[in-house]
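Below: one structure, written as C-alpha coordinates.
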Amino acid sequence: MTMKVGTRQVDGVAIVDCSGRITLGEGSVILRDTVRDLLSKGNKKILLNLADVNYIDSSGIGELVSAFTTTKNQGGELKLLKLTKKVNDLLQITKLYTVFDVKDDEAAAVKSFK
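Residue 0 is where the sequence shown starts when you use numbering that gives the first Met the number 0, and the numbers rise one by one after that.
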(Lines of atoms letter the chains of each structure in order from A; the text may use other names.)
(Lines give C-alpha, C1' and ligand atoms only; values in the text may rest on other atoms or scores of the structure.)
Protein backbone atom coordinates (compact mmCIF):
# COMPACT_ATOMS: atom_id res chain seq x y z
CA MET A 0 0.00 0.00 0.00
CA THR A 1 1.49 3.30 -1.04
CA MET A 2 1.23 6.53 0.84
CA LYS A 3 -1.33 9.15 -0.11
CA VAL A 4 -1.38 12.79 0.95
CA GLY A 5 -4.00 15.47 0.79
CA THR A 6 -3.35 19.09 1.71
CA ARG A 7 -5.82 21.60 3.10
CA GLN A 8 -5.61 25.00 4.75
CA VAL A 9 -7.14 25.83 8.13
CA ASP A 10 -6.58 29.33 9.60
CA GLY A 11 -3.27 29.76 7.79
CA VAL A 12 -1.98 26.31 8.73
CA ALA A 13 -1.25 23.79 5.99
CA ILE A 14 -2.58 20.42 7.13
CA VAL A 15 -1.15 17.41 5.32
CA ASP A 16 -3.41 14.37 5.72
CA CYS A 17 -1.18 11.33 5.28
CA SER A 18 -2.44 7.77 4.90
CA GLY A 19 -0.73 4.47 4.24
CA ARG A 20 2.92 3.70 4.87
CA ILE A 21 5.86 6.10 5.12
CA THR A 22 8.69 3.84 3.98
CA LEU A 23 11.89 3.86 1.95
CA GLY A 24 11.13 4.92 -1.58
CA GLU A 25 7.81 6.32 -2.67
CA GLY A 26 6.31 7.08 0.76
CA SER A 27 9.19 9.18 1.99
CA VAL A 28 9.59 10.92 -1.39
CA ILE A 29 5.90 11.93 -1.40
CA LEU A 30 6.26 13.37 2.10
CA ARG A 31 9.48 15.24 1.23
CA ASP A 32 8.04 16.70 -1.97
CA THR A 33 4.81 17.75 -0.24
CA VAL A 34 6.64 19.59 2.56
CA ARG A 35 9.07 21.27 0.15
CA ASP A 36 6.21 22.31 -2.12
CA LEU A 37 4.35 23.88 0.82
CA LEU A 38 7.46 25.76 1.95
CA SER A 39 8.16 27.01 -1.59
CA LYS A 40 4.64 28.46 -1.66
CA GLY A 41 5.26 30.31 1.59
CA ASN A 42 3.49 27.96 3.99
CA LYS A 43 5.51 28.18 7.22
CA LYS A 44 2.98 26.42 9.47
CA ILE A 45 2.72 22.74 8.62
CA LEU A 46 0.74 20.11 10.49
CA LEU A 47 1.25 16.47 9.51
CA ASN A 48 -1.90 14.48 10.25
CA LEU A 49 -0.67 10.92 10.75
CA ALA A 50 -3.99 9.43 11.93
CA ASP A 51 -4.16 7.05 8.93
CA VAL A 52 -0.46 6.15 8.76
CA ASN A 53 -0.23 2.51 9.75
CA TYR A 54 3.52 1.99 9.34
CA ILE A 55 6.74 4.00 9.32
CA ASP A 56 10.18 2.48 8.77
CA SER A 57 13.54 4.03 9.63
CA SER A 58 13.58 5.88 6.31
CA GLY A 59 10.16 7.33 7.10
CA ILE A 60 11.39 8.47 10.52
CA GLY A 61 14.38 10.08 8.81
CA GLU A 62 12.01 11.84 6.43
CA LEU A 63 9.94 13.22 9.34
CA VAL A 64 13.13 14.56 10.94
CA SER A 65 14.27 15.99 7.60
CA ALA A 66 10.88 17.69 7.04
CA PHE A 67 11.06 19.11 10.57
CA THR A 68 14.61 20.43 10.05
CA THR A 69 13.92 21.86 6.58
CA THR A 70 10.82 23.66 7.86
CA LYS A 71 12.66 25.03 10.90
CA ASN A 72 15.61 26.22 8.79
CA GLN A 73 13.17 28.21 6.64
CA GLY A 74 11.67 29.88 9.69
CA GLY A 75 8.62 27.66 9.87
CA GLU A 76 7.08 25.18 12.27
CA LEU A 77 6.16 21.56 11.67
CA LYS A 78 3.98 19.64 14.12
CA LEU A 79 2.51 16.16 14.19
CA LEU A 80 -1.16 15.36 14.70
CA LYS A 81 -3.01 12.21 15.82
CA LEU A 82 -0.26 9.61 15.98
CA THR A 83 -1.34 6.00 15.88
CA LYS A 84 -0.13 3.84 18.76
CA LYS A 85 2.53 2.22 16.54
CA VAL A 86 3.95 5.55 15.39
CA ASN A 87 3.73 7.02 18.90
CA ASP A 88 5.64 4.03 20.34
CA LEU A 89 8.27 4.36 17.62
CA LEU A 90 8.81 8.05 18.42
CA GLN A 91 9.06 7.21 22.13
CA ILE A 92 11.65 4.47 21.53
CA THR A 93 13.77 6.69 19.28
CA LYS A 94 13.44 9.61 21.74
CA LEU A 95 12.09 11.75 18.89
CA TYR A 96 8.87 12.34 20.80
CA THR A 97 10.73 15.13 22.62
CA VAL A 98 11.80 16.74 19.33
CA PHE A 99 8.38 16.95 17.68
CA ASP A 100 5.44 18.95 18.95
CA VAL A 101 2.74 16.27 18.95
CA LYS A 102 -0.97 17.11 19.22
CA ASP A 103 -4.09 14.96 19.47
CA ASP A 104 -6.73 17.55 18.67
CA GLU A 105 -6.74 19.32 15.30
CA ALA A 106 -8.36 22.55 16.50
CA ALA A 107 -5.91 22.86 19.42
CA ALA A 108 -3.01 22.04 17.09
CA VAL A 109 -4.01 24.79 14.64
CA LYS A 110 -4.28 27.29 17.51
CA SER A 111 -0.88 26.25 18.89
CA PHE A 112 0.97 27.82 15.94
CA LYS A 113 2.34 31.28 16.62
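We put the beta carbon where it would ideally sit given N, CA and C, even for glycine.
Predicted, not measured: the structure shown is a model, and the values here were computed from it.
Query	Result
For PHE112, collect the residues of the same chain with a Cβ closer than 7 Å to its Cβ; drop the 5 residues on either side in sequence, then sort them by chain order.	VAL12, LYS44 and GLU76
Among LYS110, LEU46 and LEU63, which has the Cα closest to the Cα of ASP16?	LEU46
Checking 8 Å against the spacing of the C-beta atoms, do LEU38 and THR6 come in under that value?	no
VAL28: which of LEU49, ASP51 and SER65 sits nearest, CA to CA?	SER65
Could you tell me which residues DSSP puts in a beta bridge with ASN48?	ASP16 and LEU80
LYS3 and GLY19 - do their beta-carbons sit closer together than 8 Å?	yes
In three-state terms, what does DSSP make of VAL9?	strand
Over the uninterrupted beta strand (DSSP E) stretch that includes ASP100, give me the two end residues.	100-102
Rounding to the nearest angstrom, what Cα-Cα distance links LEU63 and ASP100 in this structure?	12 Å
Just mark ASN72 as buried or exposed, buried being the case when its beta carbon has 16 or more other beta carbons within 10 Å.	exposed
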